[in-house]
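These notes concern the structure reproduced below.
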Amino acid sequence: MHWIEAFHIIFMVTWFAGLFYLPRLFVYAAENPSGERFSLLQLMQRRLLVITHIGGGLTLVFGLVLLMGHGHYLAAGWMHAKLTLVAGLIGYHLWCWRLVGQFARGVNRRSSTWFRWFNEVPVVFLIAIVILVVIRPF
Ligand code: HEM
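For the record, in the sequence shown the residue sitting at position 92 is 1238 according to this note's numbering, with numbers rising by one throughout.
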């Protein structure tokens, strides 16, 4: 189980690298909405999205394997809270995916300031989930 946990954490870090950096690319693309720089940012978004999908998908796979090995965690409050936050994180991931599609079609209407705030959301998820799994407050 320790190997599974190690890979769970490795892919979690990969997932968050994408969830932190994709919105930065949205900020830059919102500030440079045309020309060569915009095309490069679109390409970077699409490539980073693939890595983010891989990180997220494998975090979930290894997390579910861990959960099967520790069935009693399903009765724990901290695990319920963690899984609820993971559902929110998946929603954020899907939103990023949709935004990549909007930039690809050149139909973004949001400002760079909006994306700067959007960029802060995964920080809250990361802090809350890590505190839940390490401290297990309830
Ligand atoms: C479907 C999604 C997930 C499931 C089912 C899941 C399940 C689990 C399970 C069962 C453990 C083992 C706990 C132990 O034995 O001590 C674990 C460990 C851990 N998980 Fe997840 N996890 C998921 C997603 C995530 C996400 C998104 C994050 C990060 C934001 C995360 C961060 C961690 C960390 C840091 C540990 C190590 C905790 C420790 O050893 O103290 N997990 N996870």
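For each residue, glycine too, the CB sits at the ideal point set by N, CA and C.
Out of curiosity, what's the CA-to-CA distance linking residue i and residue j?
i	j	result
PHE1162	VAL1276	12 Å
ARG1255	ALA1222	42 Å
PRO1268	LEU1186	24 Å
MET1225	GLU1177	40 Å
VAL1253	PHE1184	13 Å
ALA1233	TRP1241	12 Å
GLY1181	PHE1249	13 Å
For the alpha helix (DSSP H) containing residue i, name the first residue and the last one.
i	result
PHE1172	1148-1177
LEU1220	Segment: none, LEU1220 is in no alpha helix (DSSP H) and carries neither H nor E.
PRO1268	1267-1281
GLY1201	1181-1215
ARG1262	1258-1264
Compare the Cα-Cα distances from residue i to each of the options and report the closest residue.
i	options	result
GLY1215	VAL1280, GLU1151, PRO1283	GLU1151
ILE1155	GLY1202, ARG1183, TYR1174	GLY1202
PHE1157	HIS1199, ALA1175, GLU1182, TYR1219	HIS1199
PHE1271	LEU1210, LYS1228, GLY1181	LYS1228
VAL1196	SER1258, TYR1219, GLY1164, VAL1207	GLY1164
(Q) Measuring CB atoms only, is the stretch 1260-1268 touching the stretch 1167-1174, in the sense that at least three cross pairs come out at less than 8 Å? (A) The stretch 1260-1268, when compared against the stretch 1167-1174, does touch it at the 8 Å Cβ threshold.
**Q.** Three or more C-beta pairs below 8 Å linking the stretch 1238-1251 and the stretch 1178-1195
**A.** At 8 Å Cβ cutoff, the stretches touch.
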